[in-house]
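These protein sequence lines are chains A and B, in that order.
Take the first sequence: its position 96, counting from 1, is numbered 95 in numbering that gives the first Met the number 0, and each next residue is one higher.
Take the second sequence: its position 94, counting from 1, is numbered 93 in numbering that gives the first Met the number 0, and each next residue is one higher.
Cβ atoms here follow ideal geometry from the backbone N, Cα and C, with glycine treated the same way.
Okay, structure first, notes after.
There are 2 protein chains.
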Amino acid sequence: MPVLADHVFKALSDPTRRAIFEGLARHGEQTVHVLTRRAGISQPAVSKHLVILKRARLVGRRHVGRETHYSARPQALAPLVDWMAVYGVFWRDRFDQLENLLQRMD
Amino acid sequence: MPVLADHVFKALSDPTRRAIFEGLARHGEQTVHVLTRRAGISQPAVSKHLVILKRARLVGRRHVGRETHYSARPQALAPLVDWMAVYGVFWRDRFDQLENLLQRMD
DNA sequence: ACAACCAATAACCAATTGGCTATGGTTTCT
DNA sequence: AGAAACCATAGCCAATTGGTTATTGGTTGT
């Protein structure tokens, strides 16, 4: 039923969009101008990707004068986690590895 | 660099393919014939989806006479887990919920 | 006031995608 | 042997997608 996961899967199916999301997650809030420079495609193309990421709630925005600052919203990945928890029986197998990974992230 | 995640994201971006994978994960191994009946689309369309799922290693197959039995390979979701572990800072927040969910799955 | 900049939208285009029918290669059943 | 069943592939088509340039609405700087 959750049309939520649908939007998230669609949004992440494109490598350019993943790169945008990854950049925002790594380096924090960025303007469309900066995102465009780093993406290597036109500004309208970036804006269109941002619309799709926004529909999936993967990014949020904040208007500051004439510029728009976008930021990553990792909570939006929750539907994917839930989906995988249901259909990915493997989960338990990777549990320890994840725990280690989390500790390394601290 | 992992082109692995690319294939997996692409494969799961289509709801019909997700439904096929979910069916295999829930009900175990199934023939193309059965999958076709449950999918509500033509047999060649199902076969094409299976090719894409297979490229992502999300399904495996086993030939039995004239029929082919497909099965889900949830381990193929690992690249997604890894990707989310890196970019999803939220992870720690949902850790407890996941633990509960896993216990309910037992 | 006006020029320049930022970002979103519109209009268009080529490539990809998801569906179909037709066909062919095996295997099974009479 | 011949018919029927199962599945993969080929070829076709409409819809979607990811990109482009052109334009517009706001905001900032001179």
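Chain-ordered chain A contacts of residue i [CB-CB under 8 Å]
i	result
residue 9 of chain B	12
residue 79 of chain B	79, 83
Contact list for residue i against chain B, beta-carbon separation under 9 Å
i	result
residue 43 of chain A	Within 9 Å Cβ-Cβ: nothing; residue 43 of chain A doesn't reach chain B, min ~23 Å.
Beta-carbon proximity of residue i to residue j, cut-off 8 Å
i	j	result
residue 57 of chain A	residue 10 of chain A	yes
residue 28 of chain B	residue 86 of chain B	no
residue 4 of chain A	residue 79 of chain A	yes
residue 24 of chain B	residue 38 of chain B	no
residue 16 of chain A	residue 48 of chain A	yes
Residue-chain proximity (residue i, chain B), Cβ-Cβ < 8 Å
i	result
residue 3 of chain A	no
residue 28 of chain A	no
residue 76 of chain A	yes
Residue-chain proximity (residue i, chain A), Cβ-Cβ < 8 Å
i	result
residue 21 of chain B	yes
Beta-carbon proximity list for residue i, same chain, < 6 Å, skipping 5 on both sides
i	result
residue 35 of chain A	42, 45
residue 59 of chain B	70, 72
residue 82 of chain A	4
7 Å CB neighbourhood of residue i in its chain, flanking five on each side removed
i	result
residue 64 of chain B	none
residue 12 of chain B	none
residue 30 of chain A	66, 67, 68
residue 6 of chain B	54, 55
residue 32 of chain A	66
Contacts around residue i, its chain only, beta-carbon distance under 8 Å, and the 5 residues preceding and following it disregarded
i	result
residue 40 of chain A	15
residue 22 of chain B	29, 34, 37
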